[in-house]
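I have placed the structure first, in the form of structure tokens, so that the comments after it can refer back to it.
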Amino acid sequence: MKKLAISVLLFWCIFGIVSLGLTQEEEVLEQPQTFAVYIDMGARENHYIPSGHMGDYGDVKMNTQSLSEPLSGKTCIEFTYSAKKSQGQGWAGVYWQFPANNWGTKKGGFDLTGMTKLTFWAKGAQGGEVIQKFGVGGIGIGKDVPYPDSSVVETEPIELTDAWKQYTINLAGCDLSYINGGFSWTITSDSNPDGATFYLDDIKFEVDPNMKPESKTAEAMPFYVYSDRGAISNHFIPSGYMPATASQDVKCYQSHKENPYLGDTCIEISYNDNSGTRWAGIYWQHPANNWGAQDAGFDLSTAKKLTFWARGKQGGERIEEFKVGGIMGEYSDSDSASIGPVILNSEWTQYTIDLSGKNMCYIIGGFCWSTNIDVNPEGVTFYLDEIKYE
Amino acid sequence: MNRFKSQLGNKNQGVRRFLPLGSFFLIMVSFFFVVGMARQPKSAVYIRKYKDSRYQLFVNNKPYIIKGVCYSPVPIGDNHEYDLFSDPNKPWIVDGKLMKEMGINTVRFYEIGDNPEQVKQVIRDLYQLYGIRSILGDWLSFWDYPCPRYGDEDFREKAKKKVLDMVNLYKDEEGVLLWILGNENNYSFSGRINPWSNEEIECEPDPAKQISMRAKIYYSFVNELAREIHKIDPNHPVALGNGELLWLDVANQVCPDIDLVACIIYRGKSFGNLFESLKNNFDRPVMLAEFGADSYDAYKNREDQDMQAYFLEQQWREIYKNLYAHKGGTGNCLGGTIFEWTDEWWKHYEYAAASWPVHDTGAGWSNGSYYFDIRVEDNMNMNEEWFGIVAISEELQNGINKRTPRESYYVLQELWKNPEGKPEFKYQKSK
Numbered sequence: 023m024k025k026l027a028i029s030v031l032l033f034w035c036i037f038g039i040v041s042l043g044l045t046q047e048e049e050v051l052e053q054p055q056t057f058a059v060y061i062d063m064g065a066r067e068n069h070y071i072p073s074g075h076m077g078d079y080g081d082v083k084m085n086t087q088s089l090s091e092p093l094s095g096k097t098c099i100e101f102t103y104s105a106k107k108s109q110g111q112g113w114a115g116v117y118w119q120f121p122a123n124n125w126g127t128k129k130g131g132f133d134l135t136g137m138t139k140l141t142f143w144a145k146g147a148q149g150g151e152v153i154q155k156f157g158v159g160g161i162g163i164g165k166d167v168p169y170p171d172s173s174v175v176e177t178e179p180i181e182l183t184d185a186w187k188q189y190t191i192n193l194a195g196c197d198l199s200y201i202n203g204g205f206s207w208t209i210t211s212d213s214n215p216d217g218a219t220f221y222l223d224d225i226k227f228e229v230d231p232n233m234k235p236e237s238k239t240a241e242a243m244p245f246y247v248y249s250d251r252g253a254i255s256n257h258f259i260p261s262g263y264m265p266a267t268a269s270q271d272v273k274c275y276q277s278h279k280e281n282p283y284l285g286d287t288c289i290e291i292s293y294n295d296n297s298g299t300r301w302a303g304i305y306w307q308h309p310a311n312n313w314g315a316q317d318a319g320f321d322l323s324t325a326k327k328l329t330f331w332a333r334g335k336q337g338g339e340r341i342e343e344f345k346v347g348g349i350m351g352e353y354s355d356s357d358s359a360s361i362g363p364v365i366l367n368s369e370w371t372q373y374t375i376d377l378s379g380k381n382m383c384y385i386i387g388g389f390c391w392s393t394n395i396d397v398n399p400e401g402v403t404f405y406l407d408e409i410k411y412e
Numbered sequence: 012m013n014r015f016k017s018q019l020g021n022k023n024q025g026v027r028r029f030l031p032l033g034s035f036f037l038i039m040v041s042f043f044f045v046v047g048m049a050r051q052p053k054s055a056v057y058i059r060k061y062k063d064s065r066y067q068l069f070v071n072n073k074p075y076i077i078k079g080v081c082y083s084p085v086p087i088g089d090n091h092e093y094d095l096f097s098d099p100n101k102p103w104i105v106d107g108k109l110m111k112e113m114g115i116n117t118v119r120f121y122e123i124g125d126n127p128e129q130v131k132q133v134i135r136d137l138y139q140l141y142g143i144r145s146i147l148g149d150w151l152s153f154w155d156y157p158c159p160r161y162g163d164e165d166f167r168e169k170a171k172k173k174v175l176d177m178v179n180l181y182k183d184e185e186g187v188l189l190w191i192l193g194n195e196n197n198y199s200f201s202g203r204i205n206p207w208s209n210e211e212i213e214c215e216p217d218p219a220k221q222i223s224m225r226a227k228i229y230y231s232f233v234n235e236l237a238r239e240i241h242k243i244d245p246n247h248p249v250a251l252g253n254g255e256l257l258w259l260d261v262a263n264q265v266c267p268d269i270d271l272v273a274c275i276i277y278r279g280k281s282f283g284n285l286f287e288s289l290k291n292n293f294d295r296p297v298m299l300a301e302f303g304a305d306s307y308d309a310y311k312n313r314e315d316q317d318m319q320a321y322f323l324e325q326q327w328r329e330i331y332k333n334l335y336a337h338k339g340g341t342g343n344c345l346g347g348t349i350f351e352w353t354d355e356w357w358k359h360y361e362y363a364a365a366s367w368p369v370h371d372t373g374a375g376w377s378n379g380s381y382y383f384d385i386r387v388e389d390n391m392n393m394n395e396e397w398f399g400i401v402a403i404s405e406e407l408q409n410g411i412n413k414r415t416p417r418e419s420y421y422v423l424q425e426l427w428k429n430p431e432g433k434p435e436f437k438y439q440k441s442k
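Just so you know, the protein sequences line up as chains W and E, in that order. Add 22 to a position in the first sequence, counting from 1, and you land on the number used in our numbering. Add 11 to a position in the second sequence, counting from 1, and you land on the number used in our numbering.
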């Protein structure tokens, strides 16, 4: 009897250990189906911190426990953007990071392999607020930091409605092995000159087996580089100042209201050789400052030409080159085309860059100009409008 | 036996009937074969064009991929006036051996020396000792003071004589591969370097048309040279040296006698649209006559051989992809000559003799396509004194600066042995 009792006890012990082991193994193998960035203020599921304030950080007020009709739970996040350009940038944004304030210098982040999308809910206080982009990842990419994110995915500009709406960022096929920038948004004063108030809730990564990697499709024409200040149809940003000293030499004002060719505004560009470099130019890039470090080219293969309108302040200004494409980096433009030198008229004149026979399937550098002081000894001021692929 | 005799007899009758005609035919074939062989030079170089504008280079009827380097091994302390061909230390003997071991089969000379016997000796040594062929170039008087007056007849005649003299002197050298006319001379059309003009151009108010006029004058001149070269040397192709593909649409109108484009191009890890674009604008094969990467990280202010090796391997993979033999590419690439074999220490402060013996770490220009170190102050990331795939030092061996191959040397050595199978070289960015 004693032997039997010992045998039974031993059996249950072994059974228990094996069962426990299996359960633990199952738990290890089981992958969570969601991974929250933000659910509710103080929710234990939250994994990232909205600590990375960028651009005109003085223009942004953040309330992470807004009671203003949250989508779920008790709170949502409220952002108020004043568009005052407190730091002179004309844009602002916030990154959710882990740990807080980690711009890629600290080991943190998460391995989110297996997640295939990020979903979030958003609404504007009035509707019509334009968010330049929402995104996942991107911290430290192309920068000299030890722990850069493994991917970056960003949306096109989004115009918010005054009711909650869910948005999805497709992450299928992306390398999510290290994501420190869990979520981000940026906004510009051009698109929201009177500021904006908007709300976010239930931001989370999800496993969705139905999500497939996005294959790039050719963009529909016309495809604007610039149509009007802050227009949601603008696809490129005049961020690529060349050479490095050009910021001393070139002023680019995208909201010039005097005598635009079409709409409310045109672009005013003034150039003087303050730095002594003797030449300068600007690339319109996607996204801003992308010299080929980010995989973000547009498929413009259906474009037959790029047209734009230009005029000189006085007439006779000489622009050495107007160009599309030609950025070469880790990710390179598939082709390039240019015209020039061009002597500008004082009246609006349309110019065309012929793209027939060109391979425009991948374009980061949507538009570019360059000139120099040798052919413009007094400097130049000129205007551009309605820059578009057709 | 009789039966056999009979049959043989019949056959012999047939042979006898055939003999006069057959003998004549054989004699004629032999005659033309012998004459043809006599006229055929020892080493005929030609380019064959296939359908879909695909091209292949042949030497002695065998396909030839140009795996080369630009060869300008200026010793430490000298500058561009150094004459390799008269150097008693014969650096090409040491270099040729290293080149052969790496897999190099071609060197490119931008311009050759004045002494024909010395030049021939270098060409012969490289070819006979190591099987390395020479591309001979001429600047087309591009650096003549005060400017290259291509718009003037007397200037063109002078430049033409110099080129034709070169061809006449060296066309029968077995080691010669082809001729390259000019380098980046086309950049003078817009006045970026060595601006030139004439009265007709000056009368044109539209600067874009001025550029086209210069292009037409220059390319017509180069085509005239090519035509003359073909008359005296039908056995070597003539290349148009050109910076990027700029203005080749004009060349397309006036250069029927150009055999290939020798493109000078610095686009980082990829040549981008180069091959396809050339096909559309000027349907000729291309050799990348000058391309590469420096081995100095201007941002971190230190040598980075990995960076150079990464760019060069990526570039060569693209060259291979666009050779005739690779069905997936454009098929219009013939190979390339890397810039360059050894570092040139004189370049950064070229007018300060005191700096020629110093390996300067300053950068002379900016190029965002070489993106690893573009964040350096003012984006000046191209270190002109660090483009060699072989480093040199002040220590002398055999009377010349000691050669030390860089990582790119070994990476390309492996790639050339097995272009399809070699694992891709990964650039490890330092933390």
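Note that CB positions come from ideal geometry on N, CA and C, so glycine has one too.
For the 8 angstroms CB-CB criterion, E:Tyr382 and W:Glu352 form a contact.
The residue from W:Arg300, W:Asp321, W:Phe57, W:Ser297 with its alpha-carbon nearest to that of W:His308 is W:Asp321. Under the Cβ criterion of 8 angstroms, E:Asn284 is counted among the residues facing chain W. With respect to the 8 angstroms criterion, W:Ile71 and W:Ala122 are classified as neighbours on the basis of their beta carbons.
Within the model, the alpha-carbon separation for E:Tyr121 versus W:Gly252 is close to 52 angstroms. Rounded to whole angstroms, the separation of the alpha carbons of W:Asp376 and W:Gly387 is 16 angstroms. Inside the region 135–165 of chain W, DSSP marks whole beta strand (DSSP E) runs of 3 or more residues at positions 139–146, 155–159, from first to last along the chain.
Listed along chain W, the residues sitting closer than 8 angstroms to E:Ile385 by beta-carbon distance are Trp313.
E:Leu271 is the residue among E:Leu271, E:Leu289, E:Phe153, E:Asp260 whose C-alpha sits nearest the C-alpha of E:Val249.
Contact check for E:Tyr420 against E:Ile400 passes: the beta carbons are separated by less than 8 angstroms. Boundaries of the alpha helix (DSSP H) around E:Ile240: 218–243. Interface criterion met: the Cβ of W:Ser358 is under 8 angstroms from a Cβ in chain E. Note that the region 250–270 of chain E touches the region 223–230 of chain E; at least 3 beta-carbon pairs, one per stretch, sit closer than 8 angstroms. At the C-beta level, W:Thr208 and W:Trp313 stay beyond 8 angstroms of one another. Where E:Trp327 is concerned, the enclosing alpha helix (DSSP H) starts and stops at 316–332. Under the three-state reduction of DSSP, W:Arg251 is assigned to coil, being neither helix nor strand. Following the DSSP letters along the chain, one finds E:Asp149 inside the beta strand (DSSP E) bounded by residues 144–149. The DSSP-derived three-state label of W:Gly80 is helix. Classified as buried, W:Gly157 has 16 or more neighbouring CB atoms from the shown chains inside 10 Å of its CB. In this structure, the beta-carbon distance from E:Phe293 to E:Leu345 does not fall below 8 angstroms.
Interface annotation, W:Asn367: not in contact with chain E, CB-CB separation never under 8 angstroms. Burial state of E:Tyr156 is exposed, judged by a 10 Å Cβ sphere holding fewer than 16 other Cβ atoms. Annotation for E:Lys413: Ser404, Glu406 place their beta carbon closer than 6 angstroms to its own, counting only its chain and skipping 5 residues before and after. At a cut-off of 8 angstroms between beta carbons, W:Pro265 contacts chain E. If you draw a 10 Å sphere on the C-beta of W:Lys145, you find 16 or more other C-beta atoms in it, and that means buried.
Residue state for E:Lys173 is assigned as helix, using DSSP reduced to three classes.
Taking all protein chains in view, the Cβ of E:Cys274 is crowded by 16 or more other Cβ atoms within 10 Å, so the residue is classified as buried. Spanning the alpha carbons of E:Trp376 and E:Tyr198 requires a straight line of approximately 16 angstroms. Three or more Cβ pairs drawn from the region 350–364 of chain E and the region 74–82 of chain E lie within less than 8 angstroms of each other, which places the two stretches in contact.
Between W:Arg300 and W:Lys128, the alpha-carbon positions lie close to 41 angstroms from each other.
DSSP places W:Ala268 in the uninterrupted alpha helix (DSSP H) bounded by 268–271.
Note that the C-beta distance between E:Asn291 and E:Tyr66 is not below 8 angstroms.
Within the region 282–311 of chain W, complete beta strand (DSSP E) segments of at least 3 residues are found at 288–293, 301–307, given in chain order. Rounded to the nearest angstrom, the gap between the Cα atoms of E:Ile115 and E:Gly340 is 23 angstroms. Partner residues in the beta bridge of W:Pro260, as assigned by DSSP, are W:Trp306. When only Cα atoms are considered, W:Ser292 and W:Phe404 end up about 6 angstroms apart.
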